[in-house]
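J.: Quick one: the structure is below, and I'll ask about it shortly.
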Amino acid sequence: MGLWLIINTAAYTHTSVAILDALKTVAIPTVEVHISKIEERESFRQFSYVSLVAKKTITGKGFDGYIEAFDELLRK
41 MGLWLIINTA AYTHTSVAIL DALKTVAIPT VEVHISKIEE RESFRQFSYV
91 SLVAKKTITG KGFDGYIEAF DELLRK
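Take a look at the structure:
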(Lines of atoms letter the chains of each structure in order from A; the text may use other names.)
(Lines give C-alpha, C1' and ligand atoms only; values in the text may rest on other atoms or scores of the structure.)
Protein backbone atom coordinates (compact mmCIF):
# COMPACT_ATOMS: atom_id res chain seq x y z
CA MET A 41 0.00 0.00 0.00
CA GLY A 42 2.85 2.40 0.67
CA LEU A 43 2.73 5.64 2.58
CA TRP A 44 -0.36 7.85 2.20
CA LEU A 45 -1.70 10.86 4.07
CA ILE A 46 -5.31 11.60 5.04
CA ILE A 47 -5.59 15.26 5.98
CA ASN A 48 -8.19 17.79 7.07
CA THR A 49 -6.50 21.15 7.26
CA ALA A 50 -9.68 22.94 8.43
CA ALA A 51 -9.40 26.73 8.00
CA TYR A 52 -5.82 26.35 6.75
CA THR A 53 -7.33 24.74 3.65
CA HIS A 54 -8.18 28.19 2.30
CA THR A 55 -5.24 30.17 3.63
CA SER A 56 -2.05 28.15 3.93
CA VAL A 57 0.34 28.12 1.04
CA ALA A 58 2.83 26.74 3.59
CA ILE A 59 0.82 23.51 3.92
CA LEU A 60 0.63 23.26 0.12
CA ASP A 61 4.40 23.69 -0.08
CA ALA A 62 4.97 21.07 2.62
CA LEU A 63 2.75 18.55 0.83
CA LYS A 64 4.60 19.19 -2.42
CA THR A 65 7.94 18.75 -0.66
CA VAL A 66 7.16 15.41 0.97
CA ALA A 67 5.37 14.14 -2.16
CA ILE A 68 3.23 11.69 -0.19
CA PRO A 69 -0.03 10.80 -1.96
CA THR A 70 -2.74 12.68 -0.07
CA VAL A 71 -6.50 12.36 0.38
CA GLU A 72 -8.12 15.58 1.58
CA VAL A 73 -11.19 15.28 3.84
CA HIS A 74 -13.66 17.96 4.92
CA ILE A 75 -16.60 17.21 7.21
CA SER A 76 -18.73 19.95 5.61
CA LYS A 77 -19.25 20.72 1.92
CA ILE A 78 -16.73 23.51 1.46
CA GLU A 79 -18.13 24.15 -2.02
CA GLU A 80 -21.42 25.26 -0.40
CA ARG A 81 -19.88 27.54 2.21
CA GLU A 82 -18.80 31.18 1.99
CA SER A 83 -16.99 32.01 -1.25
CA PHE A 84 -13.61 32.44 0.46
CA ARG A 85 -13.90 28.89 1.87
CA GLN A 86 -14.57 27.24 -1.49
CA PHE A 87 -10.95 27.20 -2.65
CA SER A 88 -8.58 24.58 -1.25
CA TYR A 89 -4.82 24.85 -1.64
CA VAL A 90 -4.56 21.20 -0.60
CA SER A 91 -6.74 20.16 -3.55
CA LEU A 92 -3.95 21.27 -5.88
CA VAL A 93 -1.88 18.27 -4.76
CA ALA A 94 -4.46 15.85 -3.31
CA LYS A 95 -5.17 12.65 -5.21
CA LYS A 96 -8.79 12.91 -4.01
CA THR A 97 -10.89 15.40 -2.06
CA ILE A 98 -13.88 14.20 -0.04
CA THR A 99 -16.35 16.80 1.26
CA GLY A 100 -19.66 16.88 3.05
CA LYS A 101 -19.79 13.32 4.34
CA GLY A 102 -19.19 14.12 7.98
CA PHE A 103 -16.87 11.76 9.81
CA ASP A 104 -17.74 9.05 7.26
CA GLY A 105 -15.46 10.95 4.89
CA TYR A 106 -12.49 9.57 6.81
CA ILE A 107 -13.76 6.03 6.29
CA GLU A 108 -14.13 6.74 2.57
CA ALA A 109 -10.59 8.13 2.50
CA PHE A 110 -9.23 5.01 4.19
CA ASP A 111 -11.17 2.81 1.74
CA GLU A 112 -9.63 4.82 -1.10
CA LEU A 113 -6.17 4.03 0.23
CA LEU A 114 -6.94 0.34 0.49
CA ARG A 115 -7.93 0.30 -3.21
CA LYS A 116 -4.54 1.72 -4.23
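If you're matching positions, the sequence shown starts at 41 in my numbering and goes up one per residue. For each residue, glycine too, the CB sits at the ideal point set by N, CA and C.
Measuring only the C-alpha atoms, how far is residue 89 from residue 81?
T.: In the sequence shown, residue 89 corresponds to position 49, counting from 1. In the sequence shown, residue 81 corresponds to position 41, counting from 1. Those two C-alpha atoms are separated by around 16 Å.
J.: Taking all protein chains shown into account, decide if residue 68 is buried (16 or more other Cβ within 10 angstroms of its Cβ) or exposed.
T.: Residue mapping note: residue 68 aligns to position 28 of the sequence shown, counting from 1. Label assigned to residue 68: exposed.
J.: Expressed to the nearest angstrom, what Euclidean distance is found between the alpha-carbon atoms of residue 50 and residue 72?
T.: Along the sequence shown, one-based indexing puts residue 50 at 10. Along the sequence shown, one-based indexing puts residue 72 at 32. C-alpha separation (whole angstroms): 10 Å.
J.: Are residue 92 and residue 60 touching if we call contact CB-CB under 8 Å?
T.: By one-based count along the sequence shown, residue 92 stands at place 52. By one-based count along the sequence shown, residue 60 stands at place 20. Yes. Within cutoff.
J.: Around the C-beta of residue 63, are 16 or more other C-beta atoms found within 10 angstroms, so that it is buried, or is it exposed?
T.: Position 23 of the sequence shown, counting from 1, holds the residue named residue 63. Counting Cβ neighbours within 10 Å, residue 63 comes out buried, since at least 16 surround it.
J.: Go ahead and label residue 94 buried or exposed: buried means 16 or more other beta carbons lie within 10 angstroms of its beta carbon, across all protein chains shown.
T.: In the sequence shown, the residue the question calls residue 94 occupies position 54. Burial call: buried.
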